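J.: Let me begin by handing over the structure; questions about it come next.
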């Protein structure tokens, strides 16, 4: 059995932590793959050939971490597996647990010790529409079932991604914290460094830390270009709590990206430079990719970070 250290040790002992790049987008470009209309890639774990492809992408990311001898976080494909969506879909009610077992097997098969597994959670409604976000109480109640299911599945931490509003982020954080697992809250921000509901990123972090008594393990940003984070303008406390970014390959706004059916990516060198600046100058430890990124983005980051010296 492979045993990893607690998440607190991961952050204290390793200055640089890799994470995965895009998965759904890479699958979407494969004519042999059909993503589920509401659950995206998760039901693929029940199809032998599709599951092999899904696993191969994840193994590709783990292999890069192994090559550079750095830790990596991998998320179980549970992003849209809240109780409401699962009940409405023609899938086994055990799909959350099954998705976790799927990535646990990938980790075991990799034989790499420094793999940390996250249970991924998402908003109830459109993750790019802050007006559709739940209230704090609604979110806490809505997300509690999945948080508890994931917490009982042997994961290292829970990760709420693409949060467009502080209200739902707080409620989801409360449900995650109540599960007993470490919780990381990842916001979606626009190019002026604000959460999509208009709250400056540092204010959002401080607000949740105050209301939740610092209980979230850390905060992050995802589905946003690295240049969207205005680190120089953030207050020191909030910046110290910003642990990671899963960045889009393109600097286009979300509304622009949604209008194109093709994968959009800017110059990989400029993207890598922006990511490494966040790490080197501002202490953002977990670096991964979101829309438009591939293994090439992860490799470029590792090469540059480790060449500079971590």
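Numbering (this note's numbering), first residue to last: 217 to 526. We put the CB at the ideal spot given by N, CA and C, even for glycine. Please read these numbers as outputs of a predicted model, since none were measured by experiment.
When the Cα of residue 388 is compared with those of 412, 358 and 496, which residue comes out closest?
T.: Closest by alpha carbon: 358.
J.: Quick one: grab the DSSP three-state call for residue 332.
T.: Correct three-state label for residue 332: strand.
J.: Given this structure, state the Cα-to-Cα distance separating residue 302 from residue 255, to the nearest angstrom.
T.: Rounded to whole angstroms, residue 302 to residue 255 spans 8 angstroms at the Cα level.
J.: At which residues does the alpha helix (DSSP H) containing residue 284 begin and terminate?
T.: From DSSP, the alpha helix (DSSP H) with residue 284 extends over 264-284.
J.: Output the boundary residues of the beta strand (DSSP E) element that contains residue 358.
T.: Careful: residue 358 lies outside any beta strand (DSSP E), inside the alpha helix (DSSP H) at 352-367.
J.: Whose C-alpha, out of 445, 381 and 397, is nearest the C-alpha of residue 424?
T.: The shortest C-alpha separation from residue 424 is found at 381.
J.: Count the CB pairs spanning the region 355-372 and the region 407-422 that are closer than 8 angstroms, and state whether there are at least three.
T.: Short answer: they don't touch.
J.: Can you tell me whether residue 450 is helix, strand or coil according to DSSP?
T.: Residue 450 falls in the coil class under three-state DSSP.
J.: Report the three-state DSSP secondary structure of residue 240 (helix, strand or coil).
T.: Correct three-state label for residue 240: helix.
J.: Could you give the C-beta distance for residue 461 and residue 443, rounded to a whole number, given that I count them as a contact under 8 angstroms?
T.: About 11 angstroms separates the two Cβ atoms, so there is no contact after all.
J.: Quick one, which of 294, 383, 426 and 317 has its alpha-carbon nearest residue 363's?
T.: Considering only alpha carbons, the answer is 294.
J.: Find the nearest neighbour of residue 413 within the set 372, 384 and 230, judged by alpha-carbon distance.
T.: Taking only the C-alpha atoms, the option nearest residue 413 is 384.
J.: Which residues in the same chain have their Cβ closer than 7 angstroms to the Cβ of residue 416, if we skip the five residues on either side of it in sequence?
T.: Once the five neighbours on either side are set aside, the close Cβ partners of residue 416 are 409 and 410.
J.: Out of 430, 291 and 266, which has the shortest C-alpha to C-alpha gap to residue 505?
T.: Among 430, 291 and 266, the Cα nearest to that of residue 505 belongs to 291.
J.: In three-state terms, what does DSSP make of residue 373?
T.: DSSP places residue 373 in strand when its eight states are reduced to three.
J.: Could I get the ranges of all uninterrupted alpha helix (DSSP H) runs contained in the region 377-443, with 4 residues as the minimum, in chain order?
T.: The qualifying runs are 382-394 and 417-427.
J.: CB-CB under 7 angstroms to residue 218, same chain, minus the five flanking residues each way: which ones, in chain order?
T.: Below a pLDDT of 50, predicted positions are generally treated as unreliable, and residue 218, at 43, falls in that range; no measurement from the model is reported.
J.: Using 10 angstroms around the beta-carbon of residue 285, count the other beta-carbons present and answer buried if the total reaches 16, otherwise exposed.
T.: Burial call: exposed.
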